[in-house]
Amino acid sequence: MDLLRHLGFFVTVAEEGHFGKAAERLGMTQPPVSQGVQRLERRLGVRLFSRGSRGVGLTPAGTELLPQAYALLGAAERFVAEAGRLRDRAIRVGVIPQLSSWHVAAIAASARVTVTTASSVELVDAVMSGELDCAAVHHPALVTSLECGPVVKIPSWALVPHGHKASGIKDLHCLPFATAPRSHGTAAFDLFADRLRAAGLDPAFVPAVDDREIVAAVAARRAFGMTCDPHLRAPGVDRVAVDEEFSLRVRLVWRSLGDDVREALMGALT
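Quick note: the sequence shown uses the numbering used here, first residue 270, plus one each step.
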């Protein structure tokens, strides 16, 4: 039985006090309205209307049930409206500042999204609180109870002052390293520092949140840095190939996200 449809019949007949007028208001003939109300009465096991020559009136049961019928129909309308809002709302995506403009553009083109940039710590908190739907964060990162996609390794390059003789990471021991502060993601920062030490480097760290700040430090010959932007070129800056172990490691985290959107966003990272 179409319960909501028949509740609509019940409410309209109660308001009009007449089956014919109710049918006219609903844009229907009278028999389907009468039959719908009868089916509802059989389903509920009570009479809703007393029928007479002057029309119909609510029975005591009908009088008590009418407010609840209004409430159910109102809740159904709100349910449909909320579903429409969720369908039409842009997916709120967070990204770390180390993601290149190319990757951010790929994310924006993959689905209807709004993009927020923040540290991994801030992004995880925002997803946990529901402020964001999902986020691309550093790996490793403390993601508590969030759902996680696979780790994606994004190729990176070292950025060095123009004319520097470095042929790889091992040749950069004389320069500080420009990177985001440790507070932006403790686990990922420590892991990358361990990789630098394993390569023979133990540099001082210069805070630089994104490619713009890194490029400025490198061009000023104050530091070297890393980028995953395959197209980044800047005056006073040279690019040096590095091993895969220095790739930017990211993963998508979320609480609740549709499969198609999730796959599109993860595809944009690869």
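Glycine included, each C-beta is placed from N, C-alpha and C at the ideal position.
Note that the structure is a prediction, hence the values are computed from the model and not measured.
Chain B within 8 angstroms of T383, Cβ atoms only:
The structure shown has no chain B; it contains just one protein chain.
Taking 7 angstroms as the limit between beta carbons, can you name the residues of its chain near V384, skipping five residues before and five after?
Same-chain partners within the cutoff: V362, V364, V373, I376 and A377.
Give the straight-line distance between the Cα atoms of R347 and R274, rounded to the nearest whole angstrom.
One alpha carbon belongs to R347, the other to R274, and they sit about 16 angstroms apart.
For P301, the three-state DSSP class (helix, strand or coil)
DSSP places P301 in helix when its eight states are reduced to three.
Looking only at its chain, what residues have a beta carbon closer than 7 angstroms to the beta carbon of L444, apart from the 5 residues adjacent to it on each side?
Taken in chain order, the residues that qualify are P472, A492 and F493.
Rank Q304, A447 and A283 by C-alpha distance to the C-alpha of E333 and give the top, closest one.
Answer by Cα proximity: A283.
In the DSSP output, what is M535 paired with across the bridge?
The partner list for M535 (beta bridge, DSSP) is empty, contrary to what the question assumes.
What's the gap between the Cα of L460 and the Cα of F446?
In this model, L460 and F446 are separated by some 14 angstroms (Cα to Cα).
Between L313, A292 and R312, which has its C-alpha nearest S303's C-alpha?
Closest option to S303, judged by alpha-carbon separation, among L313, A292 and R312: A292.
Could you give the residue range of the alpha helix (DSSP H) that holds G277?
If you look at G277, you'll find it in the alpha helix (DSSP H) that goes L272 to E285.
Name the one or two DSSP bridge partners that L528 has.
Checking the sequence, you will find Asp at residue 528 rather than Leu. According to DSSP, D528 bridges with nothing at all.
Among the residues of its own chain, which have a CB less than 8 angstroms from the CB of G326, if the five just before and after it don't count?
Non-local beta-carbon contacts of G326 in its own chain, meaning distances under 8 angstroms to residues more than five positions away in sequence, involve G286, F318 and S319 in chain order.
Tell me whether the segment 411-418 and the segment 384-399 touch, counting them as touching only if at least three CB pairs, one residue from each stretch, are closer than 8 angstroms.
Using a Cβ-Cβ distance cut-off of 8 angstroms, the segment 411-418 and the segment 384-399 are in contact, since at least three pairs of beta carbons, one from each stretch, lie closer than that value.
State the CB to CB distance for the pair D405 and L501, rounded to an integer number of angstroms; the pair is presumed to be in contact (CB under 8 angstroms).
Note that residue 405 is Ala in the sequence shown here, rather than Asp. The Cβ separation is near 19 angstroms, so there is no contact.
Under the rule that 16 or more other beta-carbon atoms within 10 Å means buried, what is G418, buried or exposed?
Result: buried.
What is the residue span of the beta strand (DSSP E) that G494 lies within?
First-last of the beta strand (DSSP E) with G494: G494 to T496.
For G321, the first and last residue of its enclosing alpha helix (DSSP H):
Judged by DSSP secondary structure, G321 falls outside any alpha helix (DSSP H) and instead within the beta strand (DSSP E) spanning F318 to G321.
From what residue to what residue does the beta strand (DSSP E) around L521 run?
Annotation for L521: the continuous beta strand (DSSP E) segment containing it runs L517 to W523.
Tell me the DSSP secondary structure of L415 in three-state form.
In the structure shown, L415 sits in coil (DSSP, three-state: anything other than H, G, I, E or B).
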